[in-house]
Each structure stands twice: as C-alpha cells, then as structure tokens.
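Whatever position you read off the sequence shown (first residue = 1), add 131 for our numbering.
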Amino acid sequence: MTGFDWLEGLVDTETNASGRALHKRSAAPVREMLELLDNPQYNYPAIHVTGTNGKGSVVSFASAMLDAMNVRSGSFTSPDLGDLLSRIKVCGVPISETDFELELALIASLVESFGLTVPSRFEAVTAATLAAFSSAGVEAAVVEVGMGGSSDATNVLNAAVAVVTLVGHDHLAAFGGDLASVATEKAGIVTMESELIIGSVPADLVDTFTSRTTRTAQVLGRDIAVTEDLAAVGGRRIGFSTRYGSHEEIFLPMIGTFQPTNFALATAAAETLLDKRISEEVLLEAASSASLPGRSELISRSPTVVLDVAHNLEAASELGRTLRETFGYEVGWVILMGLTHSRRADEFLDALGDGSLDQLIAVDMDVEVQVDPHVIAEIANSRGVPSIVSPSVTDALAYAKLILQEGQILVVTGSHYLVGQARSILVSS
Numbered sequence: 132m133t134g135f136d137w138l139e140g141l142v143d144t145e146t147n148a149s150g151r152a153l154h155k156r157s158a159a160p161v162r163e164m165l166e167l168l169d170n171p172q173y174n175y176p177a178i179h180v181t182g183t184n185g186k187g188s189v190v191s192f193a194s195a196m197l198d199a200m201n202v203r204s205g206s207f208t209s210p211d212l213g214d215l216l217s218r219i220k221v222c223g224v225p226i227s228e229t230d231f232e233l234e235l236a237l238i239a240s241l242v243e244s245f246g247l248t249v250p251s252r253f254e255a256v257t258a259a260t261l262a263a264f265s266s267a268g269v270e271a272a273v274v275e276v277g278m279g280g281s282s283d284a285t286n287v288l289n290a291a292v293a294v295v296t297l298v299g300h301d302h303l304a305a306f307g308g309d310l311a312s313v314a315t316e317k318a319g320i321v322t323m324e325s326e327l328i329i330g331s332v333p334a335d336l337v338d339t340f341t342s343r344t345t346r347t348a349q350v351l352g353r354d355i356a357v358t359e360d361l362a363a364v365g366g367r368r369i370g371f372s373t374r375y376g377s378h379e380e381i382f383l384p385m386i387g388t389f390q391p392t393n394f395a396l397a398t399a400a401a402e403t404l405l406d407k408r409i410s411e412e413v414l415l416e417a418a419s420s421a422s423l424p425g426r427s428e429l430i431s432r433s434p435t436v437v438l439d440v441a442h443n444l445e446a447a448s449e450l451g452r453t454l455r456e457t458f459g460y461e462v463g464w465v466i467l468m469g470l471t472h473s474r475r476a477d478e479f480l481d482a483l484g485d486g487s488l489d490q491l492i493a494v495d496m497d498v499e500v501q502v503d504p505h506v507i508a509e510i511a512n513s514r515g516v517p518s519i520v521s522p523s524v525t526d527a528l529a530y531a532k533l534i535l536q537e538g539q540i541l542v543v544t545g546s547h548y549l550v551g552q553a554r555s556i557l558v559s560s
C-alpha cells in the first residue's frame, strides 16, 4: 500500500461532516508523529497565519516575498481547490508526487509500527508537509492554520512570527459562541517568542494576542497602514507602511478589495522574519508571482467569470464590494452558489448585497457538508431572485454560459469545493 493509499483511507475532516464530528481536533497526533522524526518542524523558522479570512493570501504573498529575496521557502495553505499537492509548495512550486509519497509512507509506517493515534487526513497531510519542508531544506516556512489555532493540527510550530488576519464571526459555534472565544482559540498559535502581526481585530481583543508573547506586536491601524488603494486596470495600485518603512506605487494584479490589507500584513510578516525592510522591486516581483486561485480571481474576460471562495459573511461582503467597484453598479450578476456547514443563504445574500443579482444557480456539489441546494434556491426565489438548482458543477457552468447576456458577469462563490470544481473545468476548457 502506498502512502497516498493510506492517506485516502483516513477520515477526511475537511469534507466529511460525520468524520469532523467524531474526530476530536487536536495538534497531539501531529506532534506525536513528528517527535518520532526528531521534530523536523524546528529545523526552520516559521510564519504561522491564522484568521477568519485572508490566511491563504497572506501565506502566498509572504512566501513569494521570501522567494524573491532568495530565501528558500515552504508554504502550506488550506483547503485545496481539488489538488492536494497545490497547497504544499517549495519555492512557489507544488511538491512532487514522488517527494510527498516518501513522507506519507514514512508517516504511515510510524503510525502502524508504534501504534500511534490514527490521524485524520488533514493531520497526516500536515505532518508530512512539515517533514517535507525539512527534507527540502527550506530556510523558512509560511503555514496557514486549518481552522482556529490552539486545537489545529498545524499548532506544532514555534512560530517566529504569528499573524492574525481577522477575527470574524465564522465558526462561532465551534469556539465558544462569541468573538472573545474565537480570539482565544486563534491566539493559541502565539508563543512567548513570537513576533506578532495583528490585522482586523477588535481593539478590546488585541490583548488576547499580545499577552501571550514577550515580543513586539505590529497592529493594523497603528503600526501598519494602507495609505493608498486605487482600482487600476487589471488590479489595484496601493501604498502602505509597516514598522520598517513606507512602500509606494505597488501594483497588485488582482481585483479583490481585501488584498491591499493582506499584502501589507504579509509584508510586515516577511520583514519581521528577516528583520529588514523589503524593497519595492521585491514587492512588485512578489505581487506578480504570487498564486491566488479562487480569491476574486478573474479567470475569464470573454465571458467575464470571477471565482471567489467567499464562504462567510465578512468574505461575502468584500466580494460584493469588489464586484461593484470593479465592474460598476449597472452590471448584473449570474451567480453559481454552493454553501457548506449549515451556513444560511439569506445571510450570505444580505452580506453580498443582491441588488445586482440577476439570477442564482444553486449547485449540487456532491459533498456531504453542503447545504441543500434546493433550500438555497428557495430562499433566493423568495427574495425575488430567479433561481434554479443544477445537479452538477459542469451542468451549472454550461447553463450559466448559455443564459449569460451582455452586461452580465458570472460569479462562482460560496465554497472552496464549488470554486475548486469550477476552476478545474474552466482551466481544462
């Protein structure tokens, strides 16, 4: 049996609702596996990124900055968009199947030989990834938390830099029911020696993070500020400042209104790790090379198709803002939507702002954790938005392209699973 065969036999807590309910979230299984490998995760400094939204973008930006400065980086994002190896990169390139198989096979043999706790799929991937970074000789790793912080599988790092992008309302039920509890969970990645980068966190919760370290903190709005943010052809022109200085005339080739803040946070994190200012030349190279699939991604211009993994209210609000600012209020939206984990379509549409929504196609994604697409369509219809249910992503895309008219754009959103399936189809065609 190969390492990949073993991996596929594990409980998938990312897509399997019953598996998530039965498998207790903890860093212990990963720590147990890595200890038998002499803790390879301590062989390189790490930037550890948590937050409600923006984590993947910050990881991609920060690792691209390190690569542009000839610092050999490893990056790990979650979840993937249908390709496991795409979330694990060394110097911006996905790890090879051969290299990852070696790490998985070793992890599998340790679990069996030593009678370790059988990990979830995500825990096994995390352990193999952190070991693979050491094998590849990375000089720094940038790692995205899967969910939360304290109880996440990635929380086996002694983070040199800990980043919290945003404390928002997603996963409230999982972490105590209020923002203070969410902040406490996310603060679990901070060690006494972690430098802190704090993004959009309510002022009364900042101390939840700063109290856990003896090192300094840079806080958005105090030490980090976006000083310019203008829509430009094909992206945004921004300026911002960090503790290490100001940065002007940076072009981001992406339309998302949330990306200037993410880029500033990533710069602050990379500068803090290296303890020096990063030049504009490096930032421009990083901005152009960073891979951000599914993050307000303009994947086609004829017809216009935007992919966005927005799956909570804060992200939906930013997506609506991005669409209106980029394409104007007169442009209509045809939306392919799929939601997961009991998220409410009415709240999502409220956050998105459905005044420009001409038609909604609720998609059966064929994943256990999805919200019933018939419920989504019924809610949209009750709001006066013409809506249908499509039995598959392939059918939904074909129908959307058939009905799309001049002056309309196609938007695919609501779930990583939906965006991943749609992106694969669109790229291959």
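Backbone N, C-alpha and C define an ideal beta-carbon position, used for all residues, glycine too.
Spatial distance of residue i from residue j (CA atoms)
| i | j | result |
| --- | --- | --- |
| R156 | E499 | 19 Å |
| A159 | A284 | 8 Å |
| V161 | T322 | 18 Å |
| L95 | A399 | Outside the displayed span of the chain (132 to 560) sits residue 95, for which this structure offers no information. |
| P522 | S546 | 16 Å |
| A362 | T248 | 50 Å |
| M132 | S217 | 23 Å |
| V520 | D439 | 20 Å |
| G445 | H300 | What sits at residue 445 in the sequence shown is Glu, not Gly. Rounded to whole angstroms, E445 to H300 spans 8 Å at the Cα level. |
| A272 | N201 | 13 Å |
| D136 | P434 | 40 Å |
| R367 | V462 | 20 Å |
| A401 | G376 | 13 Å |
| S188 | T392 | 10 Å |
| Q539 | G205 | 40 Å |
| G134 | I510 | 44 Å |
| H505 | S312 | 33 Å |
| I430 | V413 | 25 Å |
| L138 | Q552 | 21 Å |
| S448 | G185 | 13 Å |
| N289 | A418 | 27 Å |
| V346 | A291 | Note on residue identity: the sequence assigns Arg, not Val, to residue 346. Near 10 Å, if we compare the C-alpha coordinates of A291 and R346. |
| R343 | I328 | 13 Å |
| S508 | G182 | According to the sequence as given, residue 508 is Ala; it is not Ser. A508 and G182: Cα-Cα distance of roughly 30 Å. |
| D481 | N443 | 11 Å |
| D489 | R474 | 22 Å |
| M385 | T453 | 10 Å |
| D211 | G277 | 11 Å |
| L235 | I409 | 36 Å |
| V436 | K532 | 10 Å |
| A503 | S325 | The sequence shown places Asp at residue 503, not Ala. About 42 Å. |
| D360 | T403 | 23 Å |
| R203 | A476 | 42 Å |
| K407 | E380 | 20 Å |
| S209 | S513 | 34 Å |
DSSP bridge partner residues for residue i (one or two, in chain order)
| i | result |
| --- | --- |
| R474 | According to DSSP, which records beta bridges pairwise, R474 is partnered with nothing at all. |
| A363 | G366 |
| Q539 | G463 |
| K220 | S206, P225 |
| G376 | T373 |
| V437 | L429, V542 |
| S518 | L491 |
| F382 | R368 |
| S331 | L297 |
| Q501 | T471 |
| Q552 | Q552 pairs with nothing; no bridge assigned. |
| E326 | V292 |
| I355 | L351 |
Short CB-CB distance (under 8 Å) between residue i and chain D
| i | result |
| --- | --- |
| V161 | No chain D appears in the structure shown, which is made up of a single protein chain. |
Supposed close pair residue i, residue j - CB separation, criterion 8 Å
| i | j | result |
| --- | --- | --- |
| V298 | V332 | 5 Å |
| T544 | M468 | 6 Å |
| L450 | L483 | 6 Å |
| V180 | V294 | 4 Å |
| L557 | V465 | Their Cβ separation, rounded to whole angstroms, is 15 Å, which puts L557 and V465 out of contact at 8 Å. |
| F253 | E163 | That belief does not hold up - the Cβ atoms of F253 and E163 are roughly 15 Å apart, past 8 Å. |
| A314 | I355 | No, A314 and I355 are not in contact; Cβ-Cβ is about 18 Å, not under 8 Å. |
| G387 | S427 | 3 Å |
| P250 | L415 | Rounded, the Cβ-Cβ distance is 41 Å, inconsistent with contact. |
| V494 | L549 | 6 Å |
| I226 | A258 | Contact doesn't hold; Cβ gap of about 14 Å is too wide. |
| G330 | L351 | 5 Å |
| G280 | A318 | 6 Å |
Report task. Please specify which runs of the alpha helix (DSSP H), each continuous and at least 4 residues long, are wholly inside the segment 275-317, giving them in chain order. Result -> Within the segment 275-317, the complete alpha helix (DSSP H) runs of at least 4 residues are 310-317.
Query - Completely contained alpha helix (DSSP H) runs for the segment 241-280, where each covers 4 or more residues - result: Fully enclosed alpha helix (DSSP H) runs of 4 or longer: 252-266.
Query raised in the report: If you scan the segment 152-182 from start to end, which runs of the beta strand (DSSP E) of 3 or more residues do you find wholly inside it?
Result: If we require 3 residues or more, the beta strand (DSSP E) runs fully inside the segment 152-182 come out as 177-181.
Requested in this report: Spell out a yes or no on whether the segment 210-225 and the segment 262-280 are touching, meaning 3 or more CB-CB pairs, one atom from each, closer than 8 Å.
Outcome: Touching, yes.
Requested in this report: For the segment 510-518 and the segment 441-458, state whether three or more C-beta atom pairs, one from each stretch, are separated by less than 8 Å.
Outcome: Contact annotation: the segment 510-518 does not touch the segment 441-458, with fewer than three C-beta pairs closer than 8 Å.
Query raised in the report: Does the segment 368-378 come within contact of the segment 163-178, defined as at least 3 CB pairs closer than 8 Å?
Result: Judged by Cβ distances under 8 Å, the segment 368-378 makes no contact with the segment 163-178, as fewer than three pairs qualify.
Report task. Determine, using beta-carbon pairs with one atom in the segment 410-423 and one in the segment 195-210, whether at least three such pairs fall under 8 Å. Result -> The segment 410-423, when compared against the segment 195-210, does touch it at the 8 Å Cβ threshold.
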